[in-house]
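Residue numbers (my numbering): 3 to 305. Before any comments, here is the structure.
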Amino acid sequence: MAKASADLLPVGGAALASDPRVLAAARAIGARTGVDYTNDAAVSALLAERRKAAHDAQYRPLAWLSGLMMAAAVVWAVVALDVPALDRRTALAAVPVLIVAIALYVRVRKGWRRELTHPALAGYRELLGVALAHGLPLAHVPPWLEGRPEYDSTSTDQAGNRKGATPIPTYPKVDTAAAPTPTPPAPAVVTVPPKPPAVSEYERIADAGGWHDEAGCLLIFAGAIGAGWAWQETEPLGYGLLALIPLAVAVWLAGSRQGNEKTRLRAEATEYVRAVAAAQAAGAQVPELSPQLKKLLHGTYAP
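As structure tokens, then:
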């Protein structure tokens, strides 16, 4: 999904240009930051560049060193307090290490946030906020763009507020329609392809299952423990728990069938997202994707 994720923008340049007020904002912000936000290729390149910069800042060697030092400080303190042969005062030696580790973590965090607040990226988030205020839907918002964890595909909390370290700004909704402006003859309208039944089925079952392996193992253990108890206590009734073993096999088979079906439907959903990205590149206004397709797009659902 990496290619589709890179191609499908939160909102395309054609959609931005469909509202003169949003287009004017895009040009004003672009003049300030030096980026043509109506050029999809330029925006894709910007997002790819800034995402790599933010990732490199977040996972640079200093971050790993900070984590290792924190772990070492905690382990040293626990060992010093639990081992009678060691003086409890030796646990204090972990304090300077912990302080340095925290300082390194803060430095890494500041560097990561500095990459996310790059003027061109901040300008793009500002433009997305303007687009939302004018009623333009965002197909998806990459978690990294708002400083959210990669697994978090929900952009707002229960109160409707944007989440993340660098959320898209929220502006008052604009209810009045844009004044009509003379435009040249428009080309044929490009529409988003209809959602195939297989994609709807994927959305329905994407979050289902995932418990079959654990349940099967528990049934196997229960059957084995019951049989062992029956043999030790010479209690024939305990052997009845051996029936849990074929039940565990049935559960595993059901999970395998569900997994195979998800894999098949995931391929269909992936192709659909690519088709949506192609439609956006051709000028279509893409509606907001479902939570399941957002997770697929952002890599939460691994193939």
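Backbone N, C-alpha and C fix where the C-beta goes; we use that ideal spot for every residue, glycine too. Here the structure is a predicted model, which means the values were calculated and not measured.
Considering residue i, what are the terminal residues of the alpha helix (DSSP H) in which it resides?
{"i": "E203", "result": "199-207"}
{"i": "A319", "result": "Only positions 3 to 305 of the chain appear in the structure, and residue 319 is not among them; the question remains open."}
{"i": "G32", "result": "22-35"}
{"i": "V194", "result": "V194 -> no alpha helix (DSSP H), and no H or E assigned at all."}
{"i": "P171", "result": "Neither: P171 is in no alpha helix (DSSP H) and is coded neither H nor E."}
{"i": "R62", "result": "Element bounds for R62: n/a, residue is neither H nor E."}
{"i": "K296", "result": "293-300"}
Report the rounded CA-to-CA distance for residue i versus residue j, giving the unit in angstroms.
{"i": "V13", "j": "L130", "result": "8 Å"}
{"i": "L11", "j": "K112", "result": "27 Å"}
{"i": "T35", "j": "P121", "result": "6 Å"}
{"i": "A82", "j": "A96", "result": "9 Å"}
{"i": "K297", "j": "A229", "result": "43 Å"}
{"i": "A28", "j": "L123", "result": "13 Å"}
{"i": "P305", "j": "R259", "result": "No answer about P305 holds up, because its pLDDT of 37 lies below 50 and its placement is not dependable."}
{"i": "Q282", "j": "V76", "result": "51 Å"}
{"i": "D89", "j": "A103", "result": "24 Å"}
{"i": "A135", "j": "R23", "result": "11 Å"}
{"i": "T92", "j": "A73", "result": "16 Å"}
{"i": "R266", "j": "V80", "result": "49 Å"}
{"i": "Y32", "j": "Y153", "result": "According to the sequence provided, residue 32 is Gly. The question's Tyr does not apply to it. One C-alpha to the other measures close to 30 Å."}
{"i": "V275", "j": "G125", "result": "26 Å"}
{"i": "D42", "j": "L299", "result": "18 Å"}
Using 8 Å for Cβ pairs, my map puts residue i next to residue j. What's the rounded Cβ distance?
{"i": "L67", "j": "Y39", "result": "Rounded, the Cβ-Cβ distance is 38 Å, inconsistent with contact."}
{"i": "R127", "j": "P171", "result": "7 Å"}
{"i": "L246", "j": "L221", "result": "4 Å"}
{"i": "A59", "j": "W114", "result": "4 Å"}
{"i": "L106", "j": "L64", "result": "6 Å"}
{"i": "A141", "j": "L291", "result": "6 Å"}
{"i": "T158", "j": "R150", "result": "That pair is no contact at about 11 Å."}
{"i": "V110", "j": "R52", "result": "Between R52 and V110 the Cβ distance is about 17 Å, and since that is not below 8 Å, they are no contact."}
With distance defined between alpha-carbon atoms, name the residue in the options nearest to residue i.
{"i": "P319", "options": "L298, P289, K296, L299", "result": "The requested residue 319 is not part of the displayed model; the chain covers only 3 to 305."}
{"i": "D9", "options": "P293, Q294, V97, T272", "result": "T272"}
{"i": "A280", "options": "A224, V192, K264, A256", "result": "V192"}
{"i": "V201", "options": "E270, A256, V251", "result": "E270"}
{"i": "V194", "options": "A250, A65, A284, V85", "result": "A284"}
{"i": "L48", "options": "Q234, P196, L118, S157", "result": "L118"}
{"i": "F341", "options": "P198, V132, V251", "result": "No statement about residue 341 is possible, as the shown extent of the chain runs from 3 to 305 and does not include it."}
{"i": "H57", "options": "N41, A44, D89, R116", "result": "R116"}
{"i": "G15", "options": "R90, A133, A232", "result": "A133"}
{"i": "L249", "options": "A217, L267, Y153", "result": "A217"}
{"i": "P169", "options": "W146, V176, D177", "result": "W146"}
{"i": "V99", "options": "R109, E148, W78, V108", "result": "W78"}
{"i": "D21", "options": "A55, G137, R52", "result": "G137"}
{"i": "P199", "options": "P86, R268, Y61, R53", "result": "R268"}
{"i": "N262", "options": "P144, Y204, I227, C219", "result": "Y204"}
Got a sec: does the ligand MN put a non-hydrogen atom nearer than 7 Å to the Cβ of residue i?
{"i": "S202", "result": "As presented, the structure is devoid of all ligands, the ligand MN included, so that no description of it is given."}
Point to revise | alpha helix (DSSP H) segments (min. 4 residues) lying fully within the stretch 85-157 | key: 96-118, 121-135
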